[in-house]
Amino acid sequence: MKRRRFKKIVRAGISQVPEGRLVFPTQSVEDNLRLGAYLRFRAKEKDQIEESLEEIYSLFPTLRDRTSQIAGTLSGGEQQMLSLGRALMANPKLLLLDEPSLGLAPIIASEIFRTISRLRDKSGVTILLVEQNARAALAMSDRGYVLETGTFVLQDRADRLLQNREVQRAYMGKGKKEIWDS
Numbered sequence: 015m016k017r018r019r020f021k022k023i024v025r026a027g028i029s030q031v032p033e034g035r036l037v038f039p040t041q042s043v044e045d046n047l048r049l050g051a052y053l054r055f056r057a058k059e060k061d062q063i064e065e066s067l068e069e070i071y072s073l074f075p076t077l078r079d080r081t082s083q084i085a086g087t088l089s090g091g092e093q094q095m096l097s098l099g100r101a102l103m104a105n106p107k108l109l110l111l112d113e114p115s116l117g118l119a120p121i122i123a124s125e126i127f128r129t130i131s132r133l134r135d136k137s138g139v140t141i142l143l144v145e146q147n148a149r150a151a152l153a154m155s156d157r158g159y160v161l162e163t164g165t166f167v168l169q170d171r172a173d174r175l176l177q178n179r180e181v182q183r184a185y186m187g188k189g190k191k192e193i194w195d196s
């Protein structure tokens, strides 16, 4: 039953990059990426899968250098790139990202955010991002929603939320350097 729901969600064009990355640690980088295209293999999209793989490697050149490496031996940032690449291999219409900067060094998190911004601008995929780094999330978003204990307390265009004094005070801290500024 769970397997059917998974297939239905992926066929509907939805991919998720979960918090904590969750790569297949005993599989190679390339195998992890190809697993993201599982349903596309069954649909006999071999040529399109190879094109998608090349696109992922152009987005994340580090992964190309590590195609045979076991995913569990990658750094946290490389695993995050792999998890994002695997989700993109399904060719989604909607990409769900849960805390993509969690546990990453600031320079790596900044690279991940730049890649997400490029995806937003070039791929046409809709991205739903959950991120505690408010400045980084709003800087790459069209709209923002502020949740407090599971309730929406504020929503607006992202550029307006970035300028909102209450949002700045509560979520960005005065004078605090965020990783997006790195």
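In my numbering, the protein residues as written are 15 to 196.
For each residue, glycine too, the CB sits at the ideal point set by N, CA and C.
Which class does residue i belong to by DSSP, given the choice of helix, strand or coil?
i, result
"E162", "strand"
"Q30", "strand"
"R25", "helix"
"D156", "coil"
"V139", "coil"
"K191", "With a pLDDT of only 48 at K191, under 50, the local geometry of the prediction cannot be trusted, and the value read off the model is given with reservation. K191: coil per DSSP, three-state reduction."
"V37", "coil"
"S42", "strand"
"Q62", "helix"
Compare the C-alpha of residue i against each of the options and name the closest.
i, options, result
"V43", "K60, P32, L88 and E65", "L88"
"N147", "E113, D45 and I130", "E113"
"S115", "E33, A51 and R183", "E33"
"G27", "E145, A51 and S155", "A51"
Measuring CB to CB, does residue i end up less than 8 Å from residue j?
i, j, result
"L143", "A153", "no"
"L133", "I141", "yes"
"L91", "I122", "Note on identity: in this sequence residue 91 is Gly, with Leu being the wrong assignment. The answer is yes: Cβ separation under 8 Å."
"L73", "T129", "yes"
"A85", "S29", "no"
"L102", "I70", "yes"
"L49", "R100", "yes"
"L53", "R78", "no"
Rounded to the nearest angstrom, what separates residue i and residue j at their Cα positions?
i, j, result
"E162", "Q94", "26 Å"
"I23", "P75", "29 Å"
"E180", "N46", "42 Å"
"S131", "K58", "30 Å"
"V167", "Y159", "8 Å"
"L98", "R157", "21 Å"
"L176", "K60", "43 Å"
"G138", "S124", "21 Å"
"T81", "L96", "10 Å"
"R35", "N178", "32 Å"
"Q182", "D173", "12 Å"
"R19", "G117", "30 Å"
"R171", "E65", "35 Å"
Can you round the beta-carbon distance between residue i and residue j to whole angstroms, since I take them to be within the 8 Å contact cut?
i, j, result
"L110", "V31", "7 Å"
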